[in-house]
Each structure stands twice: as structure tokens, then as C-alpha cells.
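Numbering (this note's numbering), first residue to last: 328 to 830. Glycine included, each C-beta is placed from N, C-alpha and C at the ideal position. Small disclaimer: the values here were computed from a predicted structure and weren't measured. Single-structure report; data block below.
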Ligand SMILES: [Zn+2]
């Protein structure tokens with residue numbers, strides 16, 4: 328029997344600035360999906376990386392007076408260093424300027440599109456936004472400025488290679504409309520359908536070598552041009568699998584994978600849901616199966632963007648509040664659609680919810696078991712109404728998490744976990760195990776059986792929580808499992824620390 332294969336990627340950010348909270352959100356969301364599938368015994372491959380070859384990086388390096396390669400190396404290292412503070416479990420991290428797997432893949436993809444008759448040369452004049460790394464149409468501008476970056480795009484005139492996107496209009500409409508290429512949430516799919524219906528124009532996929540300051544991948548058979556950074560960057564999803572180097576891994580994780588999922592932010596949806604599938608169609612390769620689009624984060628009501636200089640350092644937040652707190656805020660508060668506002672006091676509320684709700688439940692359970700059943704708890708079928716109700720929640724929680732994550736709904740998944748925590752805390756309050764223990768001491772056999780039932784139900788709940796929390800709070804789930812296994816009240820008390828807001 329072969330296990331299902333699940334391939335998931337994050338977008339690869341430009342490294343011109345520091346990693347910001349929005350990218351941290353995306354990494355954590357992708358990580359939850361990867362860990363959840365691994366837990367459900369699927370085979371999983373999770374990729375992240377950095378986009379080194381953009382013009383933006385060149386400009387940032389020049390502004391800093393540092394050679395490009397040196398600048399990019401130092402910056403990329405900061406993105407790679409998110410792994411530990413965010414608790415990420417990616418299997419691979421690709422850097423498009425230094426990874427030997429990347430260039431051959433971009434070249435192979437280029438040649439495959441050329442062989443498909445989809446590349447041609449043309450003189451072109453247009454408005455280029457370096458922030459977007461894209462040509463913008465006049466009607467996309469707001470008061471002459473890029474709507475995303477708020478500055479005036481540069482007038483560019485040069486000879487470029489073009490990709491025949493117009494040819495794929497009908498095919499893309501069918502693929503996206505039928506859900507064969509699934510775009511979530513539905514509002515984003517509709518946006519893509521609207522964009523395709525508006526008519527697809529061929530797009531430029533090379534830049535002159537001079538304008539790129541010699542940085543980037545030379546166009547095969549035309550070294551006067553470099554490959555446009557988006558064509559180059561999108562290829563990372565398959566170059567990391569050895570598409571250009573004839574790898575078995577490519578066949579295994581792209582051609583034969585059951586699911587190929589890209590997690591991205593809403594600003595780059597067109598590149599992923601239109602350009603990338605068209606390039607793959609042209610090259611005769613399979614498409615992603617799903618694109619999950621998250622909205623943006625604001626911080627204290629301010630837009631968060633590397634390019635505009637406002638960053639909020641995820642590593643600093645983790646230093647102060649811990650990995651659990653930041654992951655839990657992302658997964659518990661950020662809605663599936665609509666922007667979310669990050670404020671430290673909100674994160675503190677979520678951190679303290681963990682300490683008060685979950686930490687307290689596990690701690691109480693360990694203490695009660697240690698006090699009343701130090702030799703172990705007898706297993707019983709639930710008989711009392713309270714216990715039957717709790718067991719019903721226990722039984723449905725894993726399925727609810729599966730369903731929520733299949734919709735990329737992290738908030739629904741964590742809400743389901745939290746409902747179990749709430750139910751179990753209520754269960755302790757209503758069944759009053761300390762009173763049952765008194766009854767047992769005075770020879771009441773029913774009270775003794777009820778106490779077994781209560782403690783057994785609580786242990787079952789905590790064990791399930793330890794397991795089901797693993798994708799969301801990997802480190803905390805290990806601490807909980809360990810404290811339960813050792814039945815150690817000391818460990819039970821130290822599962823979470825209460826947070827105090829600076830503001
Ligand atoms: Zn822009």
C-alpha cells in the first residue's frame with residue numbers, strides 16, 4: 328500500500344529587507360499543514376527558500392554599498408534562521424542564486440517553453456515597478472503610483488523575450504473554474520477568474536543584462552538577456568526537486584505527488600495562479616493542485632511591507648514571548664479571509680489562554696491522578712452524562728481538525744482544539760473529583776468508580792490534546808506528552824509561562 332504524497336511550499340521572499348511577520352505567518356501555516364499530514368501518516372515534503380535574483384536585491388545592495396552576492400548571502404541567512412524560533416519543519420531550503428540545482432532547472436524550463444513555441448522576442452515599452460518586479464498597465468496605477476508600493480513605476484524600453492500567455496486563456500479558465508487547480512479561499516479564485524476573463528496578455532520574461540547589472544540567470548542562447556526574476560523564482564518549486572538535474576525526486580514529489588500546494592500571500596496571486604500554471608502547461612509539466620492564499624497582516628493598524636521599510640521582527644517577538652505564543656496567535660486569531668492586525672496585547676491574551684486554559688488542565692490532571700490514583704487509573708467506558716459528553720468531543724476533534732485544515736482554515740482547527748480544552752475544564756468543575764475522593768474514602772463504591780471514570784476521561788483528553796496539538800504547537804505538545812508520561816506535577820506546572828504586555 329502506498330502512502331499519499333503531499334508537497335507543500337512557501338513563497339520565496341526577496342531578501343532586500345529583513346523577514347517580516349507576514350512571511351512568518353505563511354511559514355507557520357505551511358508548517359502546520361506539513362506536520363498535520365505527516366501525523367496522518369502521509370509522506371510529506373515541505374520546501375521554503377529565498378529569491379535572490381531580483382532587481383530589488385541589486386538595488387538594495389547598491390544602496391548599502393555591498394557587493395550583490397555578499398549582500399544576498401547575509402540577507403538570505405536571516406530568512407533561513409527563522410527555522411528555529413518559529414519551530415519550522417521544512418525538509419529543504421532553496422536559494423536561487425547559490426543552489427546548484429536551481430539554474431539548470433530554470434534553463435530547462437525556459438527551453439521547454441521555447442520548444443513549445445511559446446517564447447518570442449519583441450521590442451517593448453512599459454512601466455516597470457521594481458517593488459512588484461513587474462510591468463504595470465496604466466489602468467492598474469492609482470494616481471500614477473503602484474497600488475502595492477506607492478511609488479511611480481519606471482519607464483522602460485527594451486528588447487525582451489515574451490511568453491505567449493494569451494494562448495492559455497481558455498485552458499486556465501477551465502482549470503481554475505473546474506477546481507482542478509484549486510484556489511482558496513473562494514474569493515481569491517473569483518479574483519483569478521476575473522483576471523483571466525479580462526483577457527491575458529503575453530508577458531515579458533527577460534531583462535537586458537545591463538538593467539539587471541549582470542545579476543541573474545542568463546537566457547539560454549541569448550546571454551545579452553537575463554531570465555525575468557519571476558520566471559526564475561517560480562521555477563524554485565521544481566528546481567529544488569531536481570527538475571533540471573534529472574532527479575527521481577522530481578518524479579516522486581511533482582509528477583506523482585497526490586497534492587502539490589503553494590502557500591502564498593495575496594499580493595503575488597497572479598504570478599502563481601496564472602503565470603506559473605501557464606508556464607507549466609507550456610513545458611508539459613503537471614500543475615500545482617492547490618494554491619492557498621493568505622491575506623496581509625498589519626501591525627498596530629499599519630501596513631507591513633519590507634519595501635516600505637516597516638518591519639516587525641518575528642525573531643524579536645519570539646525572544647520575548649516564545650514560539651508557542653506567536654504560533655498560537657497566528658493560528659488562533661488570523662482569519663481565513665481579510666487582513667488581521669497584530670498587536671502585542673492580543674498575542675499576550677493568546678499566550679495566557681495557553682497558560683490558563685491548557686496548562687492548567689494538564690497540570691490539574693497530573694496532580695489529581697498523582698493524588699488519588701498514584702498506582703494508575705482504571706480504564707472504564709463512560710457511563711455518566713458528563714463523561715459521555717466529553718468523550719463525544721474527544722471523538723470528533725481529530726476529524727474536525729482534518730476538515731478545517733483541508734479548507735486551510737487554521738482558526739477553525741484551533742477553535743476545535745480549544746473547545747475540547749474548555750469542555751474538559753468544565754468537566755472538572757462539574758464532576759468535582761475531590762468530592763468523589765471524599766466519598767471513596769468513606770466507603771462509597773459508586774464514588775470510587777466515578778472517580779476512575781473522571782480521571783480516565785481527563786487523561787484521555789490530555790493525551791489527545793498532546794497529539795493533536797503537535798502540528799500547531801510542536802514544542803509544547805512534546806512538553807505535555809512528557810509531563811503526562813512522567814506524571815510529574817513539577818513538569819505540569821511549567822508547561823507555559825504567563826506573558827506580560829509591554830504596552
Ligand atoms: Zn509595485
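In this structure, the straight-line span from the alpha carbon of residue 475 to that of residue 707 is close to 60 Å. If you ignore the 5 residues before and after residue 587, its C-beta comes within less than 6 Å of the C-beta of 334, 615 and 616, all in its own chain and listed in chain order.
Scanning the region 456-527 from its first residue to its last, the whole alpha helix (DSSP H) runs of 4-plus residues come out as 496-505 and 513-524.
Annotation: the continuous alpha helix (DSSP H) that includes residue 766 extends over 760-768. With the criterion CB distance below 6 Å from any heavy atom of ligand 1, the matching residues run 456, 458, 459, 473, 475 and 476 along the chain. The alpha-carbon separation between residue 728 and residue 457 amounts to approximately 41 Å. One thing to note: residue 732 has its Cβ within 8 Å of the Cβ of residue 360. Two segments are said to touch when three or more pairs of C-beta atoms, one from each, lie closer than 8 Å; by this definition the region 363-383 does not touch the region 603-622. Beta-bridge analysis with DSSP links residue 695 to no other residue. Bridge pairing for residue 589: 336 and 618 [DSSP].
Residue 344 has its alpha-carbon roughly 10 Å from the corresponding atom of residue 403. Around the beta carbon of residue 582, fewer than 16 other beta carbons sit within 10 angstroms, so the residue counts as exposed.
About 4 Å separates the Cβ atoms of residue 417 and residue 373, confirming a contact at the 8 Å cut-off. About 14 Å separates the beta carbon of residue 535 from that of residue 489, a gap too long to meet the 8 Å contact definition. The region 760-770 makes no contact with the region 734-741; the number of CB pairs closer than 8 Å stays below 3. DSSP places residue 612 in the coil class of the three-state scheme, outside both helix and strand. For residue 450, the CB contacts under 7 Å within the same chain, skipping 5 residues up- and downstream, are 486 in chain order. Beta-bridge partners assigned by DSSP to residue 663: none are found.
For residue 552, the secondary structure class from DSSP, reduced to helix, strand or coil, is strand. Nearest neighbour of residue 425 by Cα position, chosen from 398, 438, 653 and 446, turns out to be 398. Secondary structure at residue 625: strand, using DSSP grouped into helix, strand and coil.
Residue 460 has its alpha-carbon roughly 8 Å from the corresponding atom of residue 557. Counting C-beta pairs with one atom in each stretch, the region 500-510 and the region 537-548 have fewer than three that are closer than 8 Å, which means they do not touch. Residue pairing of residue 630 in beta bridges, as defined by DSSP: 625.
Ranking 668, 676, 491 and 521 by CA distance to the CA of residue 652 puts 676 first. In this structure, the beta-carbon distance from residue 774 to residue 767 falls below 8 Å. Across the structure, residue 752 and residue 512 are spaced so that their CA atoms are roughly 34 Å apart. Between residue 663 and residue 544, the beta carbon gap of about 36 Å keeps them out of contact (Cβ cut-off 8 Å).
Inter-residue distance for residue 447 and residue 491 is about 8 Å (C-alpha atoms, whole angstroms). CA-CA distance, residue 813 to residue 794, rounds to 16 Å. Excluding the 5 residues flanking it on each side, residue 787 has same chain C-beta neighbours closer than 7 Å at 721, in chain order. A direct Cα-Cα distance of roughly 10 Å separates residue 391 from residue 384. Counting of Cβ neighbours within 10 angstroms places residue 806 among the buried residues, the total reaching 16 or more. From the listed residues 668, 642, 567 and 600, the smallest Cα separation to residue 433 is found for 567.
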